[in-house]
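*Asks:*
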Amino acid sequence: MTEYLNVGKIVNTQGLKGELRIISQTDFPELRYKKGSVLTLFQEKKAPIELTIKTHRKHKNFDIVTFEDHFSINDVEKYRDGILKVSKEGLKDLPGDEFYYHEIIGLTVIDENNEELGKIKEILSPGANDVWVVQRPKKKDALIPYIESVVKSIDLEEGIVRVEIPEGLIDDEN
Numbered sequence: 001m002t003e004y005l006n007v008g009k010i011v012n013t014q015g016l017k018g019e020l021r022i023i024s025q026t027d028f029p030e031l032r033y034k035k036g037s038v039l040t041l042f043q044e045k046k047a048p049i050e051l052t053i054k055t056h057r058k059h060k061n062f063d064i065v066t067f068e069d070h071f072s073i074n075d076v077e078k079y080r081d082g083i084l085k086v087s088k089e090g091l092k093d094l095p096g097d098e099f100y101y102h103e104i105i106g107l108t109v110i111d112e113n114n115e116e117l118g119k120i121k122e123i124l125s126p127g128a129n130d131v132w133v134v135q136r137p138k139k140k141d142a143l144i145p146y147i148e149s150v151v152k153s154i155d156l157e158e159g160i161v162r163v164e165i166p167e168g169l170i171d172d173e174n
């Protein structure tokens, strides 16, 4: 059975050209509402239907979207109060070196000596690149930058991240 994650709730129409006003429930509105993205609409007592994003813009606290082949308010009015979701399977369509936080958190980190450093417990986004917080047994958490020279491979099926730690990156004193 396919699992779905909420993206947003359709609260109203916007204008006459088939735009819908959405209250978002996603960390990735720019990705979810990107032209060509497929979302699944769930409504009470109706079969779920797939809709493809045609346009997206922000307006006040709402995301405003249109769907392909929906040209007027008459085409979309019936979707009001529906919930837009993305299938968990559909989440894997990020560019090759990008992952969702929920995919990375909990992975086991293995260093270049094939030794386990610990598990990723959170992700920080301080600036240019994310920093992974690795919880280590009986040691201070390690901060690992998500950059090519350090993170060598990510295997979601195995649940393993392979890293190469440059000298001085991790303080092993405590």
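At position 99 of the sequence shown (counting the first as 1) the number is 99 in full-length UniProt numbering, and the numbers step up by one without a gap.
Every residue, glycine too, gets a C-beta built ideally from N, C-alpha and C.
Cβ of E167 within 8 Å of Cβ of V150?
*Replies:* Not a contact, by the Cβ cut-off of 8 Å.
*Asks:* On a Cα-Cα basis, can you pick out the residue from N6, I170, F28 and D171 that is closest to S87?
*Replies:* Closest option to S87, Cα to Cα, is N6.
*Asks:* So the alpha helix (DSSP H) R32 belongs to, where does it begin and stop?
*Replies:* Its alpha helix (DSSP H) spans residues P29 to R32.
*Asks:* Using the C-alpha atoms, what's the distance from G118 back to P137?
*Replies:* Approximately 7 Å, taken between the alpha carbons.
*Asks:* Tell me, which residues are paired with Y4 by DSSP?
*Replies:* The partner list for Y4 (beta bridge, DSSP) reads S87.
*Asks:* Between the alpha carbons of Q14 and Q25, how many angstroms are there, rounded?
*Replies:* Computed Cα separation, rounded: 19 Å.
*Asks:* Assign K65 to one of three DSSP states: helix, strand, or coil.
*Replies:* For the sequence presented, residue 65 should be read as Val rather than Lys. In the structure shown, V65 sits in a strand (DSSP, three-state: E or B).
*Asks:* Closer than 7 Å by C-beta to P29: which residues in its own chain qualify, once you throw out the five before and the five after it? Chain order, please.
*Replies:* Closer than 7 Å at Cβ, skipping near neighbours: D63.
*Asks:* Secondary structure at N174, three-state DSSP: helix, strand or coil?
*Replies:* The predicted position of N174 is uncertain, since its pLDDT is 48 and thus under 50; a value taken from the coordinates is nonetheless stated next. Reduced to three states, the DSSP call for N174 is coil.
*Asks:* DSSP three-state call for N129: helix, strand or coil?
*Replies:* Coil, per DSSP.
*Asks:* Mark residue 175 as exposed unless 16 or more other C-beta atoms lie within 10 angstroms of its C-beta, in which case mark it buried.
*Replies:* Because the chain spans 1 through 174 in this model, residue 175 falls outside it and cannot be assessed.
*Asks:* For E103, does the three-state DSSP call read helix, strand or coil?
*Replies:* Correct three-state label for E103: helix.
*Asks:* To the nearest angstrom, how far is it from the Cα of E77 to the Cα of N12?
*Replies:* Between E77 and N12, the C-alpha separation is close to 8 Å.
*Asks:* Mind the definition here: the stretch 65 to 76 touches the stretch 101 to 113 only if three or more C-beta pairs lie below 8 Å; say whether that holds.
*Replies:* The stretch 65 to 76 is not in contact with the stretch 101 to 113.
*Asks:* Near K46, which residues of its chain fall below 7 Å by C-beta distance, leaving aside the five closest residues on each side in sequence?
*Replies:* So no residue of the chain qualifies.
*Asks:* In chain order, which beta strand (DSSP E) runs of at least 3 residues are fully inside the stretch 130 to 171?
*Replies:* Here the runs fully enclosed are 131 to 135, 142 to 145, 151 to 155 and 160 to 163.
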